[in-house]
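**Q** Pasting a structure below so you can have a look.
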Amino acid sequence: MKKDILRIKNGTVELMNISGQRIKTYYNKSDAQRVDWYDEEKKSIQVQLTNGKVLIINSSCQVIKTIY
């Protein structure tokens, strides 16, 4: 099974394939500190920002929930 990889580069969250090619950019405001899958099947992610906020972002790259 092919897995995609989440990575943070200069505070920007990117989805990469196993060959290292960028598939999409989920978040690009340069303050992401940590990223993990929220629901891997639906391709939604959870991003922790440097100010402590946590964003839930769907597969369309829209913020659907903010946790303070």
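Following the numbering used here, the numbering of the sequence shown begins with 346 at its first residue and continues without gaps.
Cβ atoms here follow ideal geometry from the backbone N, Cα and C, with glycine treated the same way.
#1: Among Ala377, Gln366 and Ile363, whose alpha-carbon lies nearest the alpha-carbon of Val392?
#2: Quick one: what does DSSP say Asp384 is sitting in, helix, strand or coil?
#3: Can you tell me the Cα-Cα spacing of Cys406 and Asp384, whole angstroms?
#4: So, for Ser389: in the same chain, excluding its five sequence neighbours on each side, which residues have a beta-carbon less than 7 Å away from its beta-carbon?
#5: Taking Lys369 and Leu360 to be in contact with their CB atoms under 8 Å, please state how far apart those CB atoms are, rounded to whole angstroms.
**A** From the atom records:
#1: Ala377
#2: strand
#3: 14 Å
#4: Tyr383, Ile401, Ile402, Asn403 and Ser404
#5: 5 Å
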